[in-house]
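Enquirer: Here it is, the structure in full.
Numbering (UniProt numbering), first residue to last: 1 to 639.
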């Protein structure tokens, strides 16, 4: 082997050795640990504890950059299995002997003490934190003794604890009757600790080994009966309500929201009695096809385009416009005939628009103008008829939404509902509204609208559904969560039920339903209708716009087609074709298909022209005790 080769091999080995030394040394210098955890706990006669924790950490800028946080459970479990809620009050926090900023945050089943400032980074090295706080209701009461079962360090620290010490002090007059403790992860029964009885009222517990991440030390001190006071009277009631508020508050919240909506619905949302529906042979006098559509649908379908199309046909029947649907372009021409003085407001907007245009071509170039006129058309009808025939009662629904939001906020503030459920409830309400719109578009829309609705439906499911599924570990399905879901559902249901027709509106709705019954009656069933006026071209054309407005133009045309085939239309000319319509594919022999296609085609052309919008008794040491049990506990980490 050459000298250069040997030198190269030696250099490589030296580099590898240096690299290994670096790897071996760096983790030690950069390791973040809790050097010591000292807990000084004083039990008071009312069962509360005063705690001072002194935590010395080695910060290396990895997880401990600005400070540490300490998580402490406040929702605990009594020996009999019942729940117990404790209140925590943080009195003082220091770092290296100086006051340190801190904030107490609510977390699931407890509180997080976040120590430090977001604007200050810690210097690497040792930092000594002191946290002083009190917690209520920490004593456990049994038939023959009382005890303090205290998780001194918590079992959920992100760092190892090299030394843990807990000093327990009982009230004056108490005598320690038993002592024990546990170390290790949650549920462990290891007893790697040294217990020293300092006096009748004081004991010290010291871990015998380093506690790894997610390990802790729990101590148990028993004392005789008669020293600790028992809650009585109103305090006992208040404690019971607090302990069981996760079972009490959610049903109350649901009942309050439900009661509000029931009272509001009873006051303004109950429908007047529906009349007997019989076939009606004439449209309600003085009611345009668009207004009939508006009343029948409690508003507009397809953003008003169906009513817009029906009104266009009605202008044709009145001789004011001619519709030319030949070729690929739909055009509407004004005939020059003067409009009658009693022309309804919506039709007045449409007629005036066509008259000023002269010849209106329906395409992308005119789409924005047509869209604007459709808005004016809808507004003109709404301005004259809003609150006349039906009431949406939006104010009552809005108040219900505010009340519901308040109920959910109270559940979150009371710590019975995870804050994420506020988002879930909000997203759920929006999701229901959006999905309802998508389903309506799927059911009623044109081809392009159905396609867009499918895409929109998929986006909603993928984002809202996927987002919620991604939060499954954070979502605890409990009574409060079910209550939040129930509140959302109540709002959705009553947003629909709160709509109510007026007395006049109910009467007109019955008349319109009777007209629709007549127009859509199948040809073979018309023999059962008595008193029907004879069919004429004038009668057919006069009712055709109403049939389009009510979306029953096909059965109405089938009836007329049948009458033509029987020569029962006295004023019909051979090869009937409306004088106000010109278009390819019109066939008097298949009139129902033709009329349906014409109405659909005109409406589709109008829409297509629009611009695209951008959750055992006994001393705990004698059986059933473990690391992580009792009060205190939790854990912490760096931030």
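Using N, Cα and C, we set each Cβ at its ideal position, and we do this for glycine too.
As the structure is a computational prediction, the values presented were derived from the model and not from experiment.
1. Grab me the residues of residue 173's own chain with a C-beta within less than 6 Å of its C-beta, minus the 5 sequence neighbours each way, in chain order.
2. What distance in whole Å lies between the Cβ atoms of residue 52 and residue 34, which are believed to be in contact at a cut-off of 8 Å?
3. Over the uninterrupted beta strand (DSSP E) stretch that includes residue 665, give me the two end residues.
4. Evaluate residue 530 with the Cβ neighbour count: other Cβ atoms within 10 Å of its Cβ, from every protein chain shown; 16 or more gives buried, anything less gives exposed.
5. When the Cα atoms are used, what is the spatial distance from residue 507 to residue 387?
6. Quick one: what's got a C-beta closer than 7 Å to residue 378's C-beta in the same chain, skipping five residues either side?
7. Quick one: is residue 289 buried, meaning 16 or more other Cβ sit within 10 Å of its Cβ, or exposed?
8. When you compare the region 238 to 248 with the region 161 to 181, are there three or more beta-carbon pairs, one atom per stretch, that lie closer than 8 Å?
9. Using 8 Å as the cut-off, can you tell me whether the region 138 to 145 makes contact with the region 161 to 170, which would need three or more C-beta pairs spanning the two stretches below that distance?
10. Just reading off the alpha helix (DSSP H) that residue 249 is part of, what are its end residues?
11. Taking the beta carbon of residue 225 as the centre, do at least 16 other beta carbons fall within 10 Å, making it buried, or is it exposed?
12. For the structure I just gave you, are there three or more beta carbon pairs, one from the region 500 to 514 and one from the region 269 to 278, closer than 8 Å?
13. In the DSSP output, what is residue 98 paired with across the bridge?
14. Do you know how far the Cα of residue 514 is from the Cα of residue 533?
15. Which term fits residue 340, buried or exposed, when burial requires 16 or more other beta carbons within 10 angstroms of its beta carbon?
16. At what residues does the alpha helix (DSSP H) containing residue 348 begin and finish?
17. Between residue 172 and the ligand GTP, is there a pair consisting of the residue's CB and a ligand heavy atom that are separated by less than 8 Å?
18. Report the three-state DSSP secondary structure of residue 300 (helix, strand or coil).
19. Output the boundary residues of the alpha helix (DSSP H) element that contains residue 371.
20. Can you find at least 3 beta carbon pairs, one from the region 109 to 129 and one from the region 145 to 162, that sit closer than 8 Å?
21. Can you look up residue 214 in the DSSP assignment and give me helix, strand or coil?
22. Quick test of the definition: if touching needs 3 or more C-beta pairs under 8 Å, does the region 401 to 421 touch the region 249 to 257?
23. For residue 208, does the three-state DSSP call read helix, strand or coil?
24. Assign residue 208 to one of two classes, buried (16 or more other C-beta atoms within 10 Å of its C-beta) or exposed (fewer than that).
25. Taking the continuous beta strand (DSSP E) assigned at residue 129, which residues delimit it?
26. Would a C-beta distance cut-off of 9 Å place residue 213 and residue 159 closer than the cut-off?
27. Out of 521, 481, 370 and 394, which has the shortest C-alpha to C-alpha gap to residue 408?
28. Decide if residue 359 is buried, meaning its Cβ has at least 16 other Cβ atoms within 10 Å, or exposed.
29. What's the call for residue 72, buried or exposed, on a 16-neighbour Cβ count within 10 Å?
30. At what residues does the beta strand (DSSP E) containing residue 342 begin and finish?
31. Is it right to say residue 356 is buried, meaning 16 or more other beta carbons lie within 10 angstroms of its own, or is it exposed?
32. Applying the 10 Å Cβ sphere with the 16-neighbour rule, what's the burial state of residue 255?
33. Output the distance between the C-alpha atoms of residue 203 and residue 233, rounded to the nearest integer angstrom.
Expert: In short:
1. Working through the chain shown from its first residue, we reach residue 173 at position 173. Closer than 6 Å at Cβ, skipping near neighbours: 227.
2. Stepping through the chain shown from its first residue, residue 34 is reached at position 34. Stepping through the chain shown from its first residue, residue 52 is reached at position 52. Not confirmed; about 16 Å, so no contact.
3. In this structure the chain extends from 1 to 639, so residue 665 is not present and cannot be described.
4. Walking along the chain shown from the start, residue 530 turns up at place 530. By the neighbour-count rule (16 or more Cβ atoms within 10 Å), residue 530 is not buried but exposed.
5. Within the chain shown, numbered from 1, the residue matching residue 507 stands at position 507. Within the chain shown, numbered from 1, the residue matching residue 387 stands at position 387. Cα to Cα, residue 507 sits roughly 15 Å from residue 387.
6. For the purposes of this step, residue 378 is taken as residue 378 along the chain shown, with counting starting at 1. Excluding residues up to 5 positions away in sequence, 300 and 304 lie with their Cβ nearer than 7 Å to the Cβ of residue 378 in the same chain.
7. As a working note, residue 289 is residue 289 in the chain shown. So residue 289 counts as buried.
8. By the Cβ criterion, the region 238 to 248 is not in contact with the region 161 to 181, since fewer than three pairs of Cβ atoms, one from each stretch, lie closer than 8 Å.
9. Contact between the region 138 to 145 and the region 161 to 170 is absent, because fewer than three Cβ pairs lie under 8 Å.
10. Reading the chain shown from its first residue, position 249 is the one you call residue 249. For residue 249, the uninterrupted alpha helix (DSSP H) run begins and ends at 245 to 264, by DSSP.
11. Working through the chain shown from its first residue, we reach residue 225 at position 225. With fewer than 16 Cβ atoms within 10 Å of its Cβ, residue 225 is classed as exposed.
12. Using a C-beta cut-off of 8 Å, the region 500 to 514 makes contact with the region 269 to 278, since at least three inter-stretch Cβ pairs fall below that distance.
13. Here residue 98 is taken as the residue at index 98 of the chain shown, counted from 1. According to DSSP, residue 98 bridges with 95.
14. In the chain shown, the residue the question calls residue 533 occupies position 533. In the chain shown, the residue the question calls residue 514 occupies position 514. Rounded to the nearest angstrom, the two C-alpha atoms are 15 Å apart.
15. Position 340 of the chain shown holds residue 340. Classification of residue 340: exposed, given that the 10 Å Cβ count is below 16.
16. The count along the chain shown starts at 1 and reaches residue 348 at position 348. Looking at the DSSP string, the run of the alpha helix (DSSP H) that includes residue 348 is 345 to 357.
17. Inclusion of the ligand GTP in the displayed structure is not the case, the ligand content being empty and no account of it being possible.
18. Numbered from 1 along the chain shown, position 300 holds the residue referred to as residue 300. Note: residue 300 maps to coil in three-state DSSP.
19. Within the chain shown, numbered from 1, the residue matching residue 371 stands at position 371. Counting along the chain, the alpha helix (DSSP H) containing residue 371 begins and ends at 364 to 385.
20. As far as the Cβ criterion goes, the region 109 to 129 does not touch the region 145 to 162, which means the pair count is below three.
21. Locating residue 214 in the chain shown gives position 214, counting from the first residue. Of the three classes helix, strand and coil, the one that applies to residue 214 here is coil, per DSSP.
22. Touching, yes.
23. Position 208 of the chain shown, counted from the first residue, corresponds to residue 208. If DSSP states are grouped into helix, strand and coil, residue 208 belongs with coil.
24. Locating residue 208 in the chain shown gives position 208, where the first residue counts as 1. Residue 208 sits exposed, since fewer than 16 C-beta atoms from the chains shown fall within 10 Å of its C-beta.
25. Here the question's residue 129 lines up with position 129 in the chain shown. Counting along the chain, the beta strand (DSSP E) containing residue 129 begins and ends at 125 to 135.
26. Position 213 of the chain shown, counted from the first residue, corresponds to residue 213. Position 159 of the chain shown, counted from the first residue, corresponds to residue 159. Cβ distance < 9 Å, so residue 213 and residue 159 count as in contact.
27. Mapped onto the chain shown, residue 408 falls at position 408. Closest by C-alpha distance to residue 408, out of 521, 481, 370 and 394, is 481.
28. For the purposes of this step, residue 359 is taken as the residue at position 359 of the chain shown. That one is exposed.
29. Position 72 of the chain shown, counted from the start, is the residue given in the question as residue 72. By the neighbour-count rule (16 or more Cβ atoms within 10 Å), residue 72 is buried.
30. Here residue 342 is taken as the residue at index 342 of the chain shown, counted from 1. Premise fails: residue 342 is in no beta strand (DSSP E) and is neither H nor E.
31. Translated into the one-based positions of the chain shown, residue 356 becomes position 356. Classification for residue 356: exposed.
32. What you label residue 255 is simply residue 255 of the chain shown in a count that begins at 1. Counting other Cβ atoms within 10 Å of its Cβ, residue 255 stays below 16 and is therefore classed as exposed.
33. Start at 1 with the first residue of the chain shown, and residue 203 comes out as number 203. Start at 1 with the first residue of the chain shown, and residue 233 comes out as number 233. Going by the C-alpha atoms only, they are around 34 Å apart.
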